[in-house]
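Visitor:
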Amino acid sequence: FENRKLTVDAVMFDLDGTLIDTVPIYYEIIDIVFAELGVPAVSRETLMEAMDDGEFDWNCVLPENMKSRKVELSKKARGIVDEIAPAMFHKQVKLIPGTDVILNEIAVTGIKIGLVTSTPAQRMAVKLIPLSNAGLVHLLEIIVTADDVRHKKPSAEPLIQCSQKLRVPLKKCVYVGDTRVDIRAGKAASMGTVGVLTGFDDYDVLKNETPDAIINSIAQLSEILVICHGP
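According to our numbering, the sequence shown holds residues 44 to 274 in order.
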């Protein structure tokens, strides 16, 4: 697999696992939810399969004797997450190392920066704390959340909306994310795609989606971007 260089006028970032280090928090939340619901623990690979299309597929994780209670358990799980997640994020969430440097580097060149996340709007304040603390939020010209669109990633809709608001053609945009869902969304929107290895999916899974590049973290993004201006 060989990384391709990309000439772009806008960079859009996923949030979780790309700009902020939330993966350990998510696994901790899932452990707590499963324990409270009496659902047996499963492997991380199984959890990733359950999250494959951006939604959580309970059929992947529930043993046969619990599948008939899927709707009830899903509702209870949401209640537990709403109760415990905000405090856990508030206390534990940190920036992925190098995020501050690369966002400032990109902003200085005049390339526009957007954020496209499947996070609901009500959870954004707590997730943006590390970016706020580092003085980076103002660099995000457009933020698209789950509440801004009818269809979340892997649909192209959130990325198309972001590109329209940034006033940059899709072919001049790149989407940077940590999961197969991010790469699929970027490709569906006909824009460049870069996978980062700081989140949920590993190298082989990302490579399988054939992005334009795979890098260890966004700290390496300047190696991929060709900075050039004008139409």
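We put the beta carbon where it would ideally sit given N, CA and C, even for glycine.
Pick out whichever of Ser-260, Ser-265, Ala-228, Thr-241 has its Cα sitting closest to the Cα of Thr-253.
Guide: Per the Cα distances, Ala-228.
Visitor: Within its chain, find whatever has a CB closer than 8 Å to the CB of Thr-61; leave out the 5 residues flanking it on each side and keep chain order.
Guide: Same-chain partners within the cutoff: Ile-139, Val-219, Gly-220, Asp-221, Asp-225, Val-239, Thr-241, Gly-242, Ile-261.
Visitor: Note down, in chain order, each residue of its chain lying with its Cβ closer than 7 Å to the Cβ of Pro-173, except the 5 sequence neighbours on either side.
Guide: Hits under 7 Å: Ile-63, Val-136, Lys-137, Leu-138.
Visitor: Is the beta carbon of Val-192 closer than 9 Å to that of Gln-207?
Guide: Their beta carbons are not under 9 Å apart, which means Gln-207 does not touch Val-192 by this criterion.
Visitor: Which residues bound the alpha helix (DSSP H) around Lys-195?
Guide: It is not in any alpha helix (DSSP H) - Lys-195 carries neither H nor E in the DSSP assignment.
Visitor: Using a Cβ distance threshold of 8 Å, determine whether the region 123-132 contacts the region 68-76, with at least three qualifying pairs required.
Guide: Yes, the region 123-132 is in contact with the region 68-76.
Visitor: Please return the same chain residues whose Cβ sits closer than 7 Å to the Cβ of Lys-119, not counting the five positions on each side in sequence.
Guide: Cβ within range, chain order: Leu-80.
Visitor: Suppose the cutoff is 8 Å on Cβ atoms and the five residues either side in sequence are ignored; what does the same chain contact list for Asn-259 look like?
Guide: If we look at Asn-259 and ignore the five residues flanking it on each side, its Cβ neighbours are Val-239, Leu-240, Thr-241.
Visitor: So Thr-160 and Leu-58 are supposed to be a Cβ contact under 8 Å. How far apart are they, rounded?
Guide: Sure, about 4 Å apart at Cβ, within 8 Å.
Visitor: Measure the alpha-carbon distance for Met-31 versus Ala-150 and round it to whole angstroms.
Guide: In the structure displayed, the chain extends from 44 to 274; residue 31 sits before or after that span and is not available.
Visitor: Determine the contact status of Val-217 and Leu-268, defining contact as a CB-CB distance below 9 Å.
Guide: Cβ atoms of Val-217 and Leu-268: closer than 9 Å.
Visitor: For Met-167, which residues of its own chain have a beta-carbon under 7 Å away from its beta-carbon, when the five flanking residues on both sides are left out?
Guide: Hits under 7 Å: Thr-188.
Visitor: By a C-beta neighbour count over all protein chains shown, 10 Å radius and 16 as the cutoff for buried, is Lys-195 buried or exposed?
Guide: Buried: at least 16 other Cβ atoms inside 10 Å.
Visitor: For Pro-197, is the classification buried or exposed, using 16 other Cβ atoms within 10 angstroms of its Cβ as the cut-off for buried?
Guide: Its Cβ being crowded by 16 or more others within 10 Å, Pro-197 is buried.
Visitor: What is the DSSP secondary structure of Gln-263, reduced to helix, strand or coil?
Guide: Residue state, collapsed to three classes: helix.
Visitor: DSSP three-state call for Lys-155: helix, strand or coil?
Guide: Strand, per DSSP.
Visitor: Roughly how many angstroms lie between the CA atoms of Asn-251 and Val-51, to the nearest whole one?
Guide: Approximately 24 Å, taken between the alpha carbons.
Visitor: In the structure shown, what three-state DSSP assignment does Leu-80 receive?
Guide: Helix at Leu-80.
Visitor: Please report the residue range of the alpha helix (DSSP H) in which Gly-122 lies.
Guide: 113-135 is the span of the alpha helix (DSSP H), which, as asked, contains Gly-122.
Visitor: Who are the near neighbours of Asp-190 in its chain, counting only those whose CB is closer than 7 Å to its CB and skipping five residues on each side?
Guide: If we look at Asp-190 and ignore the five residues flanking it on each side, its Cβ neighbours are Pro-163, Ala-164.
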